[in-house]
């Protein structure tokens with residue numbers, strides 16, 4: 581589903597001394613099937629932005645069009661439930677939302693709320709648990725007996741079980757170990773490709789953005805600070821550093837290499853594989869093998 | 008969603024009321040709660056109203072903000088007003104509709120009780136709005152200090168209170184976060200049949216309980232790690248200072264009390 585955000589502004593706690601603008605005049609277009617990364621500091625408005633995408637927050641002014649559905653200021657939207665089925669959100673530390681007696685029941689919770697039958701939901705629970713890489717044996721166990729990483733996976737399975745068309749991920753790998761991070765991100769990426777999802781990833785990690793995103797939006801103080809393809813964004817290192825961000829480690833490495841050797845290097849590559857190939861080319865030029 | 012709750016909320020500011028010693032504010036509010044019940048005619052209610060109004064102006068807390076905090080109480084005020092207006096008989100008959108009779112005394116009594124409630128809520132909220140929770144507990148601990156002699160765990164009590172106050176906003180935030188997560192999974196908290204809505208609270212309450220217990224455990228651990236051993240021999244970083252303004256506040260309260268005694272009928 582295409583997502584079009586027009587002149588979105590959001591204020592918190594209107595009419596109190598604590599009133600503040602969280603988002604100001606956001607204009608964004610996310611084409612169906614895009615993997616979008618939203619980058620920015622804590623408090624830059626990332627989380628506020630994504631909560632608008634399934635109506636958890638309503639705009640103070642402006643509109644958000646998700647497919648054929650439009651969310652706008654003040655309108656009491658009766659179809660929010662169908663929207664929420666189509667737009668799944670994996671919140672930060674999603675394991676905090678687990679509550680049911682068994683893992684199976686917890687995963688079934690979403691599908692049941694959206695009108696699936698008991699049998700369908702059970703089937704879904706099994707399928708999703710396998711998808712997130714957990715053994716079926718834990719279906720009947722309490723989610724609170726599991727390890728932190730397993731709880732995270734169960735919670736993610738609970739969101740995926742709703743079969744969303746748009747998947748929103750709010751720092752889904754925060755607090756995981758490096759191996760877990762890669763596994764979870766790979767899982768989302770494969771799902772994104774296989775089911776042709778529209779994915780919005782909120783992250784602090786430039787590396788994740790470089791590896792997976794088709795498009796990057798950099799937020800700063802509630803506004804869109806930069807927007808473009810990873811190539812475009814990473815070519816403006818000064819602009820990123822001005823707001824305390826930086827290019828991914830791979831690009832940093834290439835820049836250092838360039839400085840050290842004085843050889844010009846193709847800077848438009850930033851995934852690990854691409855950098856390896858680029859380096860290889862460079863080394864071969866110098867006569868050494870790799 | 009839960010933005011309108013102002014219990015235990017503090018509005019930062021530099022007004023005279025903000026800078027007063029929490030002890031004088033606590034004593035005054037405590038006294039005020041009692042003397043509100045002395046008023047029984049227009050003059051005495053006028054005095055209380057004047058005191059409240061001056062306190063609000065001096066505090067510099069925005070009126071709109073106070074009104075927001077008052078709004079939930081207004082329902083109770085209206086209810087008691089209605090109760091008094093219909094139940095109290097006496098004075099001239101003002102209005103009659105079938106068996107419904109409204110007497111002059113009813114209107115007077117109803118307004119008095121409503122004002123009493125409003126004054127109480129306003130003055131007590133001013134205390135929390137202009138005093139940080141830490142100051143309140145510090146003040147309370149010192150005021151209750153003498154009770155330590157009869158083996159009352161005053162320090163522990165104050166600590167419990169400050170922890171409870173400190174975690175109200177955290178808990179509200181957590182509630183909102185989990186509510187949103189469950190709403191994203193299709194729970195509806197605000198619509199649908201009552202039975203469904205009550206059921207909808209289970210996915211909210213279970214995670215809240217679990218995280219509260221976890222947080223309590225972590226807090227206890229962090230306190231022990233930093234060598235917390237209770238109130239014995241503990242010194243304070245910020246020492247409360249009783250100033251001129253505090254004495255004046257207490258004097259005003261005493262004058263108010265005496266006037267109420269003299270002017271009440």
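Protein chains in written order, with my numbering: chain A, 581 to 870; chain B, 8 to 272. C-beta atoms are modelled at their ideal positions from N, C-alpha and C, and glycine is treated no differently.
Taking the C-beta atoms as reference points, residue 127 of chain B is found no nearer than 8 Å to residue 63 of chain B. Taking a beta-carbon distance threshold of 8 Å, residue 644 of chain A does not count as an interface residue toward chain B. Close to residue 676 of chain A, with beta-carbon spacing below 7 Å, are these residues of chain B in chain order: 185, 214 and 218. Shown here for residue 47 of chain B: same chain residues with a beta carbon closer than 8 Å to its own, the five before and five after excluded, namely 119, 271 and 272 in chain order. Not flagged as an interface residue toward chain B: residue 708 of chain A, since no C-beta distance is shorter than 8 Å. About 6 Å separates the Cβ atoms of residue 52 of chain B and residue 122 of chain B, confirming a contact at the 8 Å cut-off.
Bridge pairing for residue 706 of chain A: absent [DSSP].
Comparing alpha-carbon positions, the option among A/663, A/621, A/652 and A/737 lying closest to residue 671 of chain A turns out to be A/737.
Short of 6 Å from the beta carbon of residue 615 of chain A, and not among the five residues preceding or following it, lie these beta carbons of its own chain, in chain order: 772, 779, 792, 793 and 794. Chain B places no beta carbon closer than 8 Å to that of residue 606 of chain A, leaving this residue out of the contacts.
Taking a Cβ-Cβ threshold of 7 Å, the residues of chain A close to residue 194 of chain B are 693, in chain order. When Cβ-Cβ separations below 8 Å define contact, residue 671 of chain A makes contact with chain B. In this structure, the CA atom of residue 789 of chain A is about 40 Å from the CA atom of residue 172 of chain B.
Within the region 238-272 of chain B, complete alpha helix (DSSP H) segments of at least 4 residues are found at 251-270, given in chain order. Excluding the 5 residues flanking it on each side, residue 702 of chain A has same chain C-beta neighbours closer than 8 Å at 684 and 688, in chain order. Annotated three-state conformation of residue 742 of chain A is coil, per DSSP. Here residue 797 of chain A is bridged, per DSSP, to A/618 and A/807.
At a cut-off of 3 residues, not a single continuous stretch assigned as beta strand (DSSP E) sits fully inside the region 150-174 of chain B. In the three-state reduction of the DSSP assignment, residue 824 of chain A falls in the coil class, being assigned neither a helical nor a strand state. When C-beta atoms of the region 749-762 of chain A are compared with those of the region 583-590 of chain A, fewer than three pairs fall below 8 Å, so the two segments do not count as touching.
Rounded to the nearest angstrom, the Cβ distance from residue 149 of chain B to residue 247 of chain B is 6 Å, consistent with a contact under 8 Å. Counting along the chain, residue 71 of chain B sits inside the alpha helix (DSSP H) bounded by residues 70-94. For residue 689 of chain A, the C-beta contacts it makes with chain B under 9 Å involve 189, 192, 193, 194 and 210, in order along the chain. For residue 761 of chain A, the nearest beta carbon of chain B is not closer than 8 Å to its own beta carbon.
A/642 is the residue among A/845, A/802, A/642 and A/818 whose C-alpha sits nearest the C-alpha of residue 654 of chain A. Contact between residue 664 of chain A and residue 634 of chain A holds, with the beta-carbon distance rounding to 5 Å and staying under 8 Å.
In this structure, residue 257 of chain B sits away from residue 80 of chain B, with a CB-CB distance that is not shorter than 8 Å.
Here the region 608-624 of chain A lies against the region 799-809 of chain A, with 3 or more beta-carbon pairs under 8 Å apart. In the DSSP assignment, residue 110 of chain B falls within the beta strand (DSSP E) that extends over 107-110. Residues of chain B with a Cβ closer than 9 Å to the Cβ of residue 664 of chain A are, in chain order, 190, 191, 192 and 193. Residue 647 of chain A carries a coil assignment under DSSP once its states are collapsed to helix, strand and coil. Identification of chain B residues near residue 768 of chain A by a Cβ-Cβ cut-off of 9 Å yields none; the smallest Cβ-Cβ distance measures about 16 Å. Counting only residues of its own chain and dropping the five nearest sequence neighbours on each side, residue 132 of chain B has a CB closer than 8 Å to the CB of 13, 73, 76 and 77.
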